[in-house]
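Residue numbers (this note's numbering): 1 to 277.
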């Protein structure tokens, strides 16, 4: 079982051309409870659900902003139920692990605005991970990579699938201390572009500061073509039956995405045996 706390500091928006607009700040706090069970020494099943708190903190209010933002108040709700099945292939220091997962909204929550808990869309996720524990002079070094393709529920018949990839390089400083750095990448296959005059705008043929209430505008918050690069690092400390972990993520670049930072801390407890692996 793991319990994770995450604080997201959204400090602006990346426009369709990648430029940074330092407006529309918001804060998100997530609490994720997740359970994983090893059916065999190769097959693992996981189930988790986050509870999200969110608040718009920007000082500028455009006509397109929703009531959830203009009140400058906290909103909170359960988000999506997440299931993941993983199966390990390979022996020894090298492993390849295909995975199958899905995300299912726990209820019909609000998705329109900045201060919302999620996109309220169903997803089917197919992934593959590969990892190698180096030997010899670099013993204790772990190289990992993960790629996931997500088939996302279509709205207005607009394709909004995405690819996510993570590259992670870690080193076990001691039997209990593990350090790692990582890069996260996302590419949306489809989606909508929504920018100011002079930039691509798939939402409506109008000024985005004062748009007409078109069907695409009504759905644009959850259909944006969200592409990004994130980078960060973290540390984990292992006890006999538990791990404590923390990480920091910085939003490096992207288009139609947020700018900011993510701070994460959590604990994982192991019921079946020692945490040391």
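All residues carry an ideal CB built from backbone N, CA and C; glycine is no exception.
Just so you know, these numbers come straight off a predicted model, no measurement behind them.
Contact holds between the region 86-93 and the region 40-57, because three or more Cβ pairs, one in each stretch, are under 8 angstroms apart.
The three-state reading of DSSP puts residue 68 in helix, counting H, G and I together.
Under the three-pair Cβ rule at 8 angstroms, the region 132-151 does not count as touching the region 64-76. When rounded, the separation of the alpha-carbon atoms in residue 163 and residue 99 is 14 angstroms.
The C-alpha of residue 60 lies about 12 angstroms from the C-alpha of residue 26. Under the three-state reduction of DSSP, residue 55 is assigned to strand. Within the same chain, Cβ atoms closer than 6 angstroms to the Cβ of residue 257 are found at 14, 226 and 228, the five residues on either side in sequence being excluded.
Taking C-beta separations shorter than 6 angstroms and ignoring five residues to either side along the sequence, the partners of residue 124 in its chain run 102 and 151, following chain order. With contacts defined as CB atoms closer than 7 angstroms, residue 12 and residue 259 qualify as a contacting pair. Closest option to residue 117, judged by alpha-carbon separation, among 252, 255 and 31: 31. For residue 189, the uninterrupted beta strand (DSSP E) run begins and ends at 177-190, by DSSP. A straight line joining the alpha-carbon of residue 261 with that of residue 248 spans about 7 angstroms. Secondary structure in the region 113-181: the beta strand (DSSP E) runs of 3 residues or longer, each lying completely within the stretch, are 123-133, 141-152 and 160-172 in chain order. Close CB contacts of residue 105 within its chain, under the 6 angstroms cut and outside five residues either way in sequence, are with 80 and 120 (chain order).
The shortest C-alpha to C-alpha distance from residue 158 to any of 167, 148, 216 and 185 is the one to 216.
In this structure, residue 233 keeps its C-beta atom at 7 angstroms or more from the C-beta atom of residue 266.
Comparing alpha carbon positions, the residue from 128, 141, 192 and 142 closest to residue 165 is 128. A check of alpha carbon separations from residue 84 across 95, 53 and 39 identifies 39 as the nearest. Nearest to residue 108 by alpha-carbon distance, out of 97, 77 and 58, is 77.
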